Amino acid sequence: MKPELVPNGGTTDRLGATLTAEGVNFAVYSESASAIWVSVFNEQDEETGRFELDVHRDHVHAGLVAGLGAGTRYGLRADGEYNPDQGLFFDPQKLLVDPYAKRLDRVFVRSPRLRLDRAEAVDTAPLVPKAIVVTPNDELILPRKKAPGLFYEMNVRGYTMRHPSVQGPLRGTVAALTTQRVIDHLKFIGVDTLQLMPTAAWIDEGHLPALGLTNAWGYNPVVYSAIDPRLAPRGPHELRNMTDLYRKNGISVILDVVYNHTGEGDSDGPLLSLMGLDAKTYYRFVEVDGKQHLVNDTGTGNTLRCDHPAVQRLVIDSLRYWVEEMGVSGFRFDLATVLGREPGFNPNAEMLKKIKADPVLSQCILVAEPWDPGPGGYHLGQFGKEFKEHNDTYRDEIRGFWRGEDGKIGALAGKVAGSAEIFDSAGRKPSHGVNMLAVHDGFTLRDLVSYSDKHNEANGEGNRDGHNHNQSWNCGVEGETDDAAINAARKRDVRALLATLFLSRGTPLLQQGDEMFRTQRGNNNAYAQDNEITWLDWEAADGDLVDFVAAVNGFRKAHSALTHDHFLTGQDKNGVRDVVWLHPDGREMNEGDWRDSAASVLGMHLINKDDQVLVWFNRRTEPVVARLPEGNWAVGIQSDNTAEVAFSEGTATLTPRSVVALVRA
């Protein structure tokens, strides 16, 4: 049957491409377009039909095309005023990807022709991925919120490209994650919540092709509901298969999502989707001297207009698709403050309220990165009890302590106790804080103790990119060395950092490979390194460190004194104090001890009912004799694997630069 438009047969109820008994219904939101067409393509990428959407209701353009079905390749074209100075970019020569696309036939590739002025434009159809009409998954997933015990941040490509048990064609894909040895490793170290870095189809930043580089992280999406073909070359069902398998293995899968900008970038970027459909609806603009300029609160050229109902609908529909049809259990929201910008941040913004109130999304794991680089963009602690939040103050204070900065003993106590100054309000608990020491944007843990300065020369930007404030140290030599003593010191420090993370109140997050002593050669902004810099070297993994991470995470889970989800007060309750902070002399810390800028040793005696754990943090480079509370104590876990903790007459000799957790013998 030859495809043909059914006059006035379209419906505006659902946006995107929807299979019906008669054909495919297409619906697109645009307030400013005068006309929108659907262009249909065959497998040879030839345009075989163009149909104007003839139903218009509440700014939705819709049309029913009979004779089409699942597998149809299509794109959109939009007409209207072309006036870039007023935020209007309509040009029917630009083929546009449906914002609701669920599958693409290829990856996005940049070309100067994608942003030619309308007067100079050529048909961009040969350059643009085509959306593929998919059959919806009838077996919908209803999320069951499961409290995360350990987040594990993973880049699909970087994690699997060099895995010895992953077959060659599967490397770099979500299907690779279904390899049994991949799952076994995650289960061995105790991961129960896998956080995948962005999977939505993305495009390279404009300057990368000339440098011979490609985006390795995915934080530059074009459409929000289509998995990038590099990650799922056989279609989105690969992700659903993976999430189903992980659920059976007790691991929730959440996605890192980027509902704050798109890869269309600034006014010189490519016209690929939202910009060509209705830029002023989907992006935030500001008027200067009579001209409309894209707001850049994200540092990427544009900012999603999350206070507009059409954008809110796009985001909610996308989130629900990932949960119900793809089986994910939640989301980590990149630059989450953009979700609440009106244009200043409002914790009660409509977008945030809709996510929290949605009957499906409210049952998911929700994690906010509570800042963006725009004006007034830092809002840690303001996302409410429905969200967990990445706690950068934990990272900074713990790094500062182990780096040897003065006056950090009080900050150490505050962070390992759950950051009550941030989260103890509005019914929130320590678990609302996501404690991390290293994530994708920054040093790996190994590099944190191996480089005093960033080394991003491979990025082609003269080492100007990336953070300058890393609070790192190199243990005596910058970068890789054959010095056995320095390498031992670095491993010792990483183990102490990891022990601190797992023995803290809050929800820990581990970056992929930090349990293996992974390096990125000092690159703290490796977003453009889809190569050996970011690919895990499984053959070089430090097996002893992997075992230690599994052991310290197991120890954490076994002790309610460490995991009981309440803020420590130190106050008597039924004659028992939940925490006592100890000086190495054995006495309780006093005001003078807390003010001692050189203080480098701290004891944390935790008590929860019958469970007691005494944690000592010693950042000194020499052993420290610590007097213990009365009773018999034994080592439960210790970070230093080169020496034993010696007990003698009520004391324990703490090894240098180490963390030790003692339990009642």
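Under this note's numbering, the first residue of the sequence shown is numbered 2, with each subsequent residue one higher. Here a beta-carbon is modelled for each residue, glycine too, at the ideal position from N, C-alpha and C. Please read these numbers as outputs of a predicted model, since none were measured by experiment.
Are residue i and residue j touching if we call contact CB-CB under 7 Å?
i	j	result
residue 394	residue 372	no
residue 12	residue 63	yes
residue 104	residue 237	yes
residue 90	residue 352	no
residue 278	residue 265	no
residue 24	residue 68	yes
residue 607	residue 614	yes
residue 36	residue 53	yes
residue 222	residue 259	yes
residue 198	residue 219	yes
residue 367	residue 387	yes
residue 435	residue 392	yes
residue 78	residue 131	no
residue 115	residue 210	no
residue 556	residue 638	yes
residue 169	residue 535	no
residue 240	residue 327	yes
residue 522	residue 587	no
Output the boundary residues of the beta strand (DSSP E) element that contains residue i.
i	result
residue 194	194–197
residue 497	Note, residue 497: premise wrong, no beta strand (DSSP E); alpha helix (DSSP H) at 485–503.
residue 40	36–42
residue 618	612–619
residue 7	5–7
residue 659	659–665
residue 58	56–58
residue 653	652–655
residue 648	647–649
residue 605	602–609
residue 351	First-last for residue 351: 351–358, but that is the alpha helix (DSSP H), not the beta strand (DSSP E).
Assign residue i to one of three DSSP states: helix, strand, or coil.
i	result
residue 528	helix
residue 247	helix
residue 438	coil
residue 668	No statement about residue 668 is possible, as the shown extent of the chain runs from 2 to 666 and does not include it.
residue 18	strand
residue 242	helix
residue 533	coil
residue 554	helix
residue 539	helix
residue 48	strand
residue 138	coil
residue 227	coil
residue 184	helix
residue 626	strand
residue 203	strand
residue 280	helix
residue 101	coil
residue 132	strand
residue 452	coil
residue 546	helix
residue 32	coil
Let me check one thing: in DSSP terms, what residues is residue i bridge-paired to?
i	result
residue 1	This structure does not reach residue 1, given that the chain is present from 2 up to 666, and the question cannot be answered.
residue 509	436
residue 578	573
residue 293	288
residue 262	260
residue 639	661
residue 27	18 and 64
residue 389	368
residue 89	84
My understanding is that residue i touches residue j, with C-beta atoms under 8 Å, so please give their C-beta distance in whole angstroms.
i	j	result
residue 171	residue 200	No, residue 171 and residue 200 are not in contact; Cβ-Cβ is about 16 Å, not under 8 Å.
residue 71	residue 29	With 8 Å as the limit, residue 71 and residue 29 do not qualify as a contact, their Cβ atoms being about 19 Å apart.
residue 646	residue 585	Rounded, the Cβ-Cβ distance is 13 Å, inconsistent with contact.
residue 315	residue 100	6 Å
residue 538	residue 163	6 Å
residue 446	residue 498	6 Å
Following the continuous alpha helix (DSSP H) through residue i, name the residue where it begins and the one where it ends.
i	result
residue 217	No alpha helix (DSSP H) contains residue 217, which DSSP labels as neither H nor E.
residue 411	410–417
residue 78	Unbroken run through residue 78 is the beta strand (DSSP E), 74–80; no alpha helix (DSSP H).
residue 325	310–325
residue 458	Counting along the chain, residue 458 falls outside any alpha helix (DSSP H), and DSSP gives it neither H nor E.
residue 479	Here residue 479 belongs to no alpha helix (DSSP H), and DSSP marks it neither H nor E.
residue 422	421–424
residue 160	157–161
Comparing the C-beta of residue i with each C-beta of chain C, is any distance below 7 Å?
i	result
residue 131	Looking for chain C here will not work: only one protein chain is present.
Report yes if the C-beta of residue i is less than 6 Å from at least one heavy atom of the ligand ZN; otherwise report no.
i	result
residue 472	Absent from the structure shown: the ligand ZN. Ligands present: none.
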